[in-house]
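To keep things clear, I will list the structure first and then write my remarks on it.
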Amino acid sequence: MVRILRTLGFGISLLCAASAVAQEEGLQPTQAIVRVVGGSSPVSKDDLQIKVNGHGVPVTRVRPVLGANGHVEIALLIDDGLRGNFANNLSEVQRFVLSLPPNVAIGVGYMQNGRVIFSHGFSVEHEEAVKAIRLPFGQAGISGSPYFCLSDLAKSWPTNTGAPRVVVMITNGIDPYNGSVSPMNQNSPYVDTAIHDAQEHGLTVYAIPWNNRDFGGLGLGSFSGQNYLSDVVTSTGGELLGQGTINPPSIRPMLDKFMADLGESFLISFDAPANKRLLDLKVTAKVHGTKVSAPKAIRAGNAAQ
């Protein structure tokens, strides 16, 4: 009898282990924000093709990011070292926050010493959220590195609602910890880490380059910063909202472009194979002439975050 019970117990253990392995190796609900330019409107799941690690997977759901049936969270990150004419644009940033649709939760954070500091957190009460907007301190290098800040935000997002996450960074993009801003020194491990962390935690990143003279903020410094920012936004499905070594008189066109991009963005859902590593993602449109921007990699199961 004892031998039979031991055999039964061993068999049950094997079944439980097999079940756990099957669950780990199975499919997990996953989502990503994609931007669809051109083609038919509205976009349906039949209009898109998805490949995960080179293998086609069906789209299970598509909904507009700004649609009435869901929420989205936007983190507006302002480099606390910004100088120049940014002070003249505070009213435009305030206008942007107040103009957001009611289903958008906004959090205004300042990048300081490798972290993002939120004074009010995320809120759909935009009149409350706008109170967090202030003049940057203007201290050279106070952000530490905008990429440290992005990594910190990705790993410690202030909410856990499951809503799609979008980031807008206003910064010169220069990484002071990577040494020279020479075109020969544009491989930053800190930028690579920020990209990985953003992809792992489902952040779509947009960037508005705003130049300073600090750390060679004009000329080669401007090139270096914008090159890094371009890598981040391209890898996460966002867009670089502006280029050049001279700041525009107004930030409004860039913020308006961001909202236009969100209006063309959709949250797509699909099942991805469980994997502890990031999975390559490629999203294309079936309609000729339609352009799709999407993150280059995602974490399986991120829909449950």
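Counting from 1 along the sequence shown, just add 3 to a position and that's the residue number in the working numbering. Backbone N, C-alpha and C define an ideal beta-carbon position, used for all residues, glycine too. No experiment lies behind these values; they were computed from the predicted model shown.
Beta-bridge pairing of residue i - partner residues as DSSP gives them
i: residue 73; result: Partner(s): none; residue 73 has no beta bridge.
i: residue 288; result: 51
i: residue 108; result: 76
i: residue 58; result: 55
i: residue 299; result: Paired residue(s): none; residue 299 is not in a bridge.
i: residue 274; result: 32
i: residue 283; result: 300
i: residue 126; result: 109
i: residue 115; result: 118
i: residue 174; result: 212
i: residue 81; result: 113 and 173
i: residue 96; result: Its beta-bridge partners do not exist; DSSP assigns none.
i: residue 260; result: Residue 260 pairs with nothing; no bridge assigned.
C-beta atoms of residue i and residue j nearer than 8 Å
i: residue 173; j: residue 213; result: yes
i: residue 161; j: residue 83; result: no
i: residue 208; j: residue 164; result: no
i: residue 63; j: residue 259; result: no
i: residue 77; j: residue 107; result: yes
i: residue 96; j: residue 156; result: no
i: residue 87; j: residue 277; result: no
i: residue 129; j: residue 103; result: yes
i: residue 215; j: residue 175; result: yes
i: residue 292; j: residue 41; result: yes
i: residue 210; j: residue 244; result: yes
i: residue 270; j: residue 66; result: yes
i: residue 79; j: residue 171; result: yes
Candidates the options, of which the one nearest residue i by Cα
i: residue 52; options: 43, 294, 285 and 303; result: 285
i: residue 117; options: 45, 145, 175 and 34; result: 145
i: residue 123; options: 115, 130, 110 and 198; result: 110
i: residue 166; options: 72, 289 and 283; result: 72
i: residue 90; options: 293, 261 and 254; result: 254
i: residue 68; options: 283, 267 and 301; result: 267
i: residue 283; options: 301, 227 and 203; result: 301
i: residue 312; options: 105, 159 and 241; result: Within the shown structure, residues of the chain are numbered from 4 to 308, placing residue 312 beyond reach of any answer.
i: residue 169; options: 233, 92 and 204; result: 204
Straight-line Cα distance separating residue j from residue i
i: residue 305; j: residue 32; result: 7 Å
i: residue 280; j: residue 133; result: 38 Å
i: residue 295; j: residue 287; result: 6 Å
i: residue 147; j: residue 235; result: 17 Å
i: residue 126; j: residue 36; result: 21 Å
i: residue 153; j: residue 179; result: 15 Å
i: residue 24; j: residue 121; result: Confidence is the limiting factor: at residue 24 the pLDDT is only 41, short of 50, which leaves the residue's position unreliable and the question unanswerable from this model.
i: residue 46; j: residue 265; result: 14 Å
i: residue 137; j: residue 94; result: 10 Å
i: residue 196; j: residue 141; result: 26 Å
i: residue 199; j: residue 206; result: 10 Å
i: residue 112; j: residue 135; result: 8 Å
i: residue 237; j: residue 299; result: 8 Å
i: residue 252; j: residue 177; result: 21 Å
i: residue 49; j: residue 193; result: 38 Å
i: residue 55; j: residue 44; result: 25 Å
i: residue 100; j: residue 61; result: 36 Å
i: residue 150; j: residue 158; result: 12 Å
i: residue 256; j: residue 131; result: 24 Å
i: residue 115; j: residue 289; result: 44 Å
i: residue 92; j: residue 98; result: 10 Å
i: residue 233; j: residue 70; result: 28 Å
i: residue 247; j: residue 34; result: 34 Å
i: residue 297; j: residue 263; result: 16 Å
i: residue 303; j: residue 228; result: 31 Å
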